[in-house]
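No gaps in the numbering here: position 27 of the sequence shown is 52 in my numbering, and each next residue is one more.
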Amino acid sequence: MSQGFSIPRFKLPALLASLGSRLPQWPHSLALAMGLNAAARIGLLPADSLALLEGRSFLVEVLDAGGQANFTYRDGLFRPLWKAPKSPETPDLSFSANLSAFLQLLARQEDPDTLFFSRELSIVGDTELGLVIKNMLDAVELPQLPSLPAFRS
């Protein structure tokens, strides 16, 4: 975030997580799968790394929002998994964090290692697969957005 803007660490109110966990989770899975497919289609995700994800399942859980996305990568596409809550099937790799940590990752304000070792990001599952994901995210070249003119009062 080169314009001096940084995402602060925050935690959403517990009431939001309580409500969010009672809502259907399939929209999160569908939205994340569609977003990842769009990123792959425009070349943001390296094709050689994507091949290593074939047949693997993932869970992304936003703890303080009560939301989770379950998805897999199969036949060259990210696909949502339509699971019931508390399903006994364990994903190959799961990521859990509060919303602020995921936003900091997305904005490249923090790296996964820092968040992991500060216990703000939990990664559970196949360690080798986790490293593939980390290296894939590190290799993503995000397009630069034009600078906005400064507003003065």
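Using N, Cα and C, we set each Cβ at its ideal position, and we do this for glycine too.
Item                                                                                                  : Value
Arg99 - DSSP class collapsed to helix/strand/coil                                                     : strand
Any 3 or more C-beta pairs closer than 8 angstroms across the stretch 62-73 and the stretch 40-51     : no
Sub-8 angstroms separation of Leu140 and Leu146 beta-carbons                                          : yes
CA nearest to the CA of Ser43, picked from Asp89, Trp107, Ala72 and Asp163                            : Asp89
Coarse secondary structure for Ile158, derived from DSSP in three states                              : helix
Cutoff 8 angstroms; reference Leu106; Cβ partners in own chain excluding five residues on either side : Ser54, Ser82, Asn95, Phe96 and Thr97
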